[in-house]
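For the sequence shown, position 160 matches number 158 in our numbering, and the numbering has no gaps at all. Using N, Cα and C, we set each Cβ at its ideal position, and we do this for glycine too. So the structure is just underneath, and the comments pick up after that.
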Amino acid sequence: MAGMFQGKVALVTGAGMGLGRATAVAFAREGAKVAVADIDVKNGEQTVDMIKKAGGEALFIKTDVSRAADVEAMVSKTVETYGGLDCAHNNVGIEELPTPLIDGTEENWDRIVDVDLKSVWLCLKYEIKYMVEHGGGAIVNTSSIAGLIGAPLQAMYTACKWGVNGLTLSAAGDYAKAGIRVNAVCPAGMKGTGFYNRMLAVQPGMAEAVKEMMPLGRDAAPEEVAEAVVWLCSDRASYITGITMPVDGGFTIT
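Set out below in structure tokens:
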């Protein structure tokens, strides 16, 4: 599978479904050896099978990205197996069901912060540590339009996504001279993802409402957002670092 990542190694978290799976498949299509990380063994292994059936190379690493030991082991396993780490997509996230801020619980806050924010910090910590010592690399974090404009009734989720953007900017500035580029993508709704399906279950009319708000008149497919991730990790984006790129069908135009 020749492509712009031939001979390179990519790591994708949350790669068992949705955007993470689409990104892992896209990296493999472009020639990368891909480490597929997820806490869900069944779905993660399915992603690996998809890549292998298409002629690519991938391994599955069971990882709880909210735990430092798991993240360190994930990066180590990737490097031990494939001999390096050139690109990473830090993509794990969970939603906050629509809840007034005053009704939020400390338990929910801790859970959402651990998965949506702490995990990105941990991934950056161990990915960058390797990349600093081995000549650089490219990282893309998954943020959200909620990290650009806020999301009604989702204060905890919104706070985490603004935090992801802050981590992205700080890491990009701190490690640019080490040859490491760090960017973020900020999607709107993506059809077919677990996140989107769970939101639809509690807000059945959400799909149509979202489409009406999108200037392009539709939701994104995960594959469309994955193309932005892969491009930002590629040499074609070699002079881009520290951006939070909306991939949102024009939602943030107004």
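Using CA coordinates, which residue listed in the options is at the minimum distance from residue i?
{"i": "Glu104", "options": "Leu120, Ser64, Ala144, Met154", "result": "Met154"}
{"i": "Gly145", "options": "Tyr237, Ala186, Asn41", "result": "Ala186"}
{"i": "Ala219", "options": "Ala20, Gly5, Leu167, Met2", "result": "Ala20"}
{"i": "Asp246", "options": "Tyr237, Met188, Thr239, Asp233", "result": "Met188"}
{"i": "Val138", "options": "Asp108, Tyr80, Val227", "result": "Val227"}
{"i": "Gly91", "options": "Gly161, Pro98, Gly1, Ala26", "result": "Gly161"}
{"i": "Gly125", "options": "Val10, Ser141, Phe3, Met2", "result": "Correcting the residue type first, residue 125 is Glu in the shown sequence and not Gly. The shortest C-alpha separation from Glu125 is found at Val10."}
{"i": "Cys85", "options": "Asp108, Cys121, Trp107, Ser141", "result": "Cys121"}
{"i": "Tyr334", "options": "Ala136, Met212, Asp101, Gly14", "result": "Because the chain spans -1 through 252 in this model, residue 334 falls outside it and cannot be assessed."}
{"i": "Gly12", "options": "Ala33, Phe3, Asp108", "result": "Ala33"}
{"i": "Val7", "options": "Tyr80, Met129, Gln44", "result": "Tyr80"}
Excluding sequence positions up to five away, which residues of its chain have a Cβ less than 7 angstroms from the Cβ of residue i?
{"i": "Cys158", "result": "Ile110, Val111, Asp114, Leu115"}
{"i": "Asp250", "result": "According to the sequence displayed, residue 250 carries Thr and not Asp. Here the set comprises Ile143, Leu146, Ile147, Pro244."}
{"i": "Thr239", "result": "Ala170, Ala174, Arg179, Val180, Asn181"}
{"i": "Ile37", "result": "Lys60, Thr61, Asp62"}
In whole angstroms, what separates the C-alpha of residue i from that of residue j?
{"i": "Ile49", "j": "Glu55", "result": "7 angstroms"}
{"i": "Ala24", "j": "Ala52", "result": "11 angstroms"}
{"i": "Met(-1)", "j": "His132", "result": "Caution is warranted here: a pLDDT of 42 is assigned to Met(-1), below 50, making its placement in the model unreliable, and no coordinate value can be reported."}
{"i": "Asn88", "j": "Glu70", "result": "14 angstroms"}
{"i": "Thr242", "j": "Ala174", "result": "16 angstroms"}
{"i": "Thr61", "j": "Lys31", "result": "18 angstroms"}
{"i": "Cys231", "j": "Ala67", "result": "26 angstroms"}
{"i": "Ser117", "j": "Arg65", "result": "8 angstroms"}
{"i": "Ala235", "j": "Glu93", "result": "30 angstroms"}
{"i": "Lys127", "j": "Ile147", "result": "32 angstroms"}
{"i": "Glu28", "j": "Gly16", "result": "19 angstroms"}
{"i": "Leu83", "j": "Trp229", "result": "17 angstroms"}
{"i": "Gly5", "j": "Leu57", "result": "15 angstroms"}
{"i": "Thr76", "j": "Ala224", "result": "21 angstroms"}
{"i": "Glu78", "j": "Met72", "result": "10 angstroms"}
{"i": "Ser141", "j": "Cys184", "result": "5 angstroms"}
{"i": "Leu165", "j": "Gly1", "result": "30 angstroms"}
Can you have a look at residue i and say buried or exposed, based on whether 16 or more other CB atoms are within 10 angstroms of its CB?
{"i": "Gly18", "result": "buried"}
{"i": "Leu95", "result": "exposed"}
{"i": "Arg179", "result": "buried"}
{"i": "Val39", "result": "exposed"}
{"i": "Ile59", "result": "buried"}
{"i": "Ser168", "result": "exposed"}
Say whether chain C places a C-beta atom closer than 7 angstroms to the C-beta of residue i.
{"i": "Glu70", "result": "The chain inventory of the structure shown lacks chain C, comprising one protein chain alone."}
Per DSSP, which residues does residue i bridge with? Please list them.
{"i": "Arg216", "result": "BP columns for Arg216 are empty, so no partner."}
{"i": "His87", "result": "Val10, Val138"}
{"i": "Met188", "result": "Ala218"}
{"i": "Ile178", "result": "Gly135"}
With a threshold of 6 angstroms on Cβ separation, who are the neighbours of residue i within its own chain once the five nearest residues in sequence on each side are excluded?
{"i": "Thr156", "result": "Ala144, Gly148, Ala149"}
{"i": "Ala22", "result": "Val10, Ala13, Val32, Val34, Thr45"}
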